[in-house]
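K.L.:
Can you keep this structure in mind? I'll have questions shortly.
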Amino acid sequence: MQINAIAPDLFDVTPGGPRLIGARRKADGKIVFPAPRGAEAAHYDRIALSDRGTLWSFTVQRFRPKSPPYAGADDERTFKPYALGYIELPGEVIVESRIEIDDFSKLRIGMPMRLALKPFAKAGGEEAETYVFEPELRA
Amino acid sequence: MSEVHIIGAGIHPFGRHDDMSGLDQGVFAARQALADAGVAWTDMQFAFGGSSAAGNADAMLPRMGLTGVQFINVANGCATGGSALLSGYWAVKSGEFDIGIVVGFDKHPRGAFNPDPEEWGLPAWYGEIGLMLTTQFFANKITRYMALHGISPEALALVAEKAFENGAKAPHAWRRQPVDAETILNAQMVSDPLTKYMFCSPAEGGAALVIASDRKMRALGLKGPKLRGATVRTRVDGSFEVFSPALDIERGPSPTQIASKAAYEMAGLGPEDIDVAQIQDTESGAEIMHMAENGLCADGEQERLIRDGDTRLGGRLPINTDGGCLACGEPVGASGLRQVYENVQQLRGRAGDRQVADARIGYSQVYGAPGLSAVVILEA
């Protein structure tokens, strides 16, 4: 079943897998994420960012964030801590993301990461797809 | 151009005061600052005031006196208090005014801030999926710093232990019970590697300073620390700030680094001249990183300095002598002025049990969202 992306113009789903949508500033080539919307978008070219990178820094969110802005369907009782951090996409930009990992103690700066999509249950029953990074499994 | 001095300082104790509004606490601090200098509200030629969450600062006027004084409300994020002081500094330094007051106060709801993405120019999804928390920023920044520069979790705990130890000696502090490093380290984790005792809390309080030109000070027969340097700087490309969905790969200096450098240049002083420092400690890691960003040590040196007790009272360079934000809490509009208040007490030899012997040069730095830092250097 197809579920809606949590926001438009955040990521594309390609035959090779998902890609975050960034933008390159026409004036100086600086790469930004997310891609600017509205009037500001005219100054940028839309680009697909790399789906692989390395972990730049991380932390674990141990308590349920305040709502709003947090829109998770969980409550104080059902909340599960989640990892998040920054992933350096080589030669592009360092993006912030939730991180999918079973064992938080395995997080290490420099570890290889790859992009994935994951359903996010929103308060009110709606389910939306969001992006995450997860450790890249080496064969 | 005039030399600028602080001739009066006032503070309303930080913490939680259910029976007082933020404005009440600002008025309290302003009256105390005037009384400290022995001058009257009617003597004030200007006022700069700010509050982030407790209303318009100029609502003080009916209580202080409707003298027609030019009162400017200042709003500059976490550096609101520091920016009010800078505005007053420039007003006197320019020669346009001889005497005036700067004041900041605040009263925040309990718990973490809950920001609106739109107000920060960010898309809604960023808040919805749980990435918009100030605590995460600090945790991410210190996690990387610890890995790069060999800082241990024990050092984080020692910073908080010192804060509560110093807070116990400061009448204006909120948290005045010592907490040992072991308890701090093993307390509930908020955002790894930071436990609940390693974070400051939003709070309430007010602080005010009466500032005057050298000439006016002498005419009044008063004395007070001289403002040797005062700067504010905002973020540049490559800095790492709160609420950043992405960062530049090419890293740049922080707003603190450039504000600090400019303040030292303005003062004609260097880090080696500093006797006492109040630096932004939103959490333990911030104090550690800001030690280096303010030039007070090299990256990585903090581990040894902290373990050796160099930053404690009685150490080589005491830092956050009133317990900083960790012990005082962070009422945004007042926080930067609280640091300067503490340095004024230190330089005037009025700091009681927390007095730094022979303190002559005091340094303070306030940092915050959306990426700005304000530095003040005082000379006794």
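In order, the protein sequence lines correspond to chains A and B.
Residue numbering for the first sequence is -18 to 120, as defined by my numbering.
Residue numbering for the second sequence is 4 to 383, as defined by my numbering.
We put the beta carbon where it would ideally sit given N, CA and C, even for glycine.
Could one say the Cβ of residue 93/B lies closer than 7 Å to chain A's Cβ atoms, at least one of them?
P.N.:
No, no contact with chain A.
K.L.:
Taking 7 Å as the threshold (beta carbon to beta carbon), is residue 123/B in contact with chain A?
P.N.:
No, no contact with chain A.
K.L.:
Roughly how many angstroms separate the alpha carbons of residue 77/B and residue 83/B, rounded to a whole number?
P.N.:
C-alpha separation (whole angstroms): 6 Å.
K.L.:
Under 7 Å between C-beta atoms, does residue 52/A make it to chain B?
P.N.:
Yes, its Cβ sits closer than 7 Å to a Cβ of chain B.
K.L.:
For a test of the three-state rule: what should DSSP assign to residue 169/B, helix, strand or coil?
P.N.:
Helix at residue 169/B.
K.L.:
For the alpha helix (DSSP H) containing residue 177/B, list its first residue and its last residue.
P.N.:
Counting along the chain, residue 177/B falls outside any alpha helix (DSSP H), and DSSP gives it neither H nor E.
K.L.:
Residues of chain B with a CB under 7 Å from the CB of residue 66/A: which are they?
P.N.:
Chain B residues near residue 66/A: 143.
K.L.:
Do residue 0/A and residue -10/A have their CB atoms nearer than 7 Å?
P.N.:
Cβ atoms of residue 0/A and residue -10/A: not closer than 7 Å.
K.L.:
Looking at chain B, is there any beta carbon in it that lies within less than 7 Å of the beta carbon of residue 99/A?
P.N.:
Not closer than 7 Å to any Cβ of chain B, the Cβ of residue 99/A fails to qualify, so no.
K.L.:
What's the gap between the Cα of residue 388/B and the Cα of residue 83/A?
P.N.:
Look at the range of chain B in this structure, 4 to 383, and you will see that residue 388/B is not part of it.
K.L.:
Would you verify that the beta carbon of residue -13/A is, or is not, closer than 7 Å to some beta carbon of chain B?
P.N.:
Interface residue, yes.
K.L.:
Along chain A, which residues have their Cβ under 8 Å away from the Cβ of residue 133/B?
P.N.:
Under the 8 Å cutoff, chain A gives 42, 46, 51, 53, 63, 65, 79.
K.L.:
Suppose you measure from the CA of residue 87/B to the CA of residue 100/B; what does that come to, to the nearest Å?
P.N.:
Between residue 87/B and residue 100/B, the C-alpha separation is close to 15 Å.
K.L.:
Would you say residue 328/B and residue 285/B are within 7 Å of each other, going by their C-beta atoms?
P.N.:
Yes. Within cutoff.
K.L.:
Rounded to the nearest angstrom, how far is the Cβ of residue 297/B from that of residue 368/B, given a contact under 8 Å?
P.N.:
Indeed they touch by this definition, with Cβ atoms about 5 Å apart.
K.L.:
Could I get the ranges of all uninterrupted alpha helix (DSSP H) runs contained in the region 270 to 335 of chain B, with 4 residues as the minimum, in chain order?
P.N.:
List check, alpha helix (DSSP H) in window: 287 to 296, 305 to 310, 327 to 331.
K.L.:
Anything in chain B within Cβ reach of residue 31/A, meaning under 9 Å, just list it in chain order.
P.N.:
None at all; the shortest Cβ gap to chain B is about 12 Å.
K.L.:
If we count the other Cβ atoms within 10 Å of its Cβ and call it buried at 16 or more, is residue 219/B buried or exposed?
P.N.:
Classification of residue 219/B: buried, given that the 10 Å Cβ count is 16 or more.
K.L.:
Less than 7 Å between the beta carbons of residue 270/B and residue 232/B, yes or no?
P.N.:
A contact, by the Cβ cut-off of 7 Å.
K.L.:
Determine, using beta carbons only, whether residue 51/A and residue 273/B come nearer to each other than 7 Å.
P.N.:
No, Cβ-Cβ distance for residue 51/A and residue 273/B is not below 7 Å.
K.L.:
Does DSSP put residue 236/B in a helix, in a strand, or in coil?
P.N.:
Strand.
K.L.:
Could you tell me if residue 24/A is buried or exposed, where buried requires 16 or more neighbouring beta carbons within 10 angstroms of its beta carbon?
P.N.:
Exposed, since its Cβ has fewer than 16 Cβ neighbours within 10 Å.
K.L.:
Applying a beta-carbon distance threshold of less than 7 Å, which residues of chain B neighbour residue 15/A?
P.N.:
Those are 126, 248, listed as they occur along chain B.
K.L.:
At 4 residues or longer, what runs of the alpha helix (DSSP H) sit wholly inside the region 29 to 88 of chain B?
P.N.:
List check, alpha helix (DSSP H) in window: 64 to 67.
K.L.:
Just reading off the beta strand (DSSP E) that residue 77/A is part of, what are its end residues?
P.N.:
Residues 74 to 80.
K.L.:
7 Å is my cut-off, CB to CB: does residue 146/B come that close to chain A?
P.N.:
So, interface residue.
K.L.:
Within 7 Å of any Cβ in chain A, is that where the Cβ of residue 201/B sits?
P.N.:
False, the Cβ-Cβ gap to chain A never drops below 7 Å.
K.L.:
Just the chain A side, please: which residues come within less than 7 Å of residue 150/B by C-beta, in chain order?
P.N.:
By Cβ distance, chain A contributes 90.
K.L.:
Which residues does DSSP pair with residue 35/A in a beta bridge?
P.N.:
In DSSP, residue 35/A forms a bridge with 69/A, 93/A.
K.L.:
List the whole-angstrom C-beta distance separating residue 160/B from residue 142/B, where the pair is believed to meet the contact cut-off of C-beta under 8 Å.
P.N.:
Contact doesn't hold; Cβ gap of about 15 Å is too wide.
K.L.:
I'd like to know whether the C-beta atoms of residue 156/B and residue 196/B end up nearer to each other than 7 Å.
P.N.:
Yes, the Cβ-Cβ distance between residue 156/B and residue 196/B is below 7 Å.
K.L.:
Does the distance from the C-beta atom of residue 74/A to that of residue 249/B stay below 7 Å?
P.N.:
In this structure, residue 249/B lies closer than 7 Å to residue 74/A by Cβ.
K.L.:
When DSSP builds the beta bridges, which residues end up paired with residue -5/A?
P.N.:
According to DSSP, residue -5/A bridges with -2/A.
K.L.:
Leaving out the 5 sequence neighbours to the left and right, which residues in its chain are closer than 7 Å to residue 98/B when beta-carbon positions are compared?
P.N.:
The residues are 4, 5.
K.L.:
Check for me: the alpha helix (DSSP H) holding residue 29/A runs from which residue to which?
P.N.:
Where residue 29/A is concerned, there is no enclosing alpha helix (DSSP H), although the beta strand (DSSP E) it sits in stretches over 25 to 29.
K.L.:
Can you list, in chain order, the residues of its chain whose CB lies under 6 Å from that of residue 73/B, leaving out five sequence neighbours each side?
P.N.:
Hits under 6 Å: 49.
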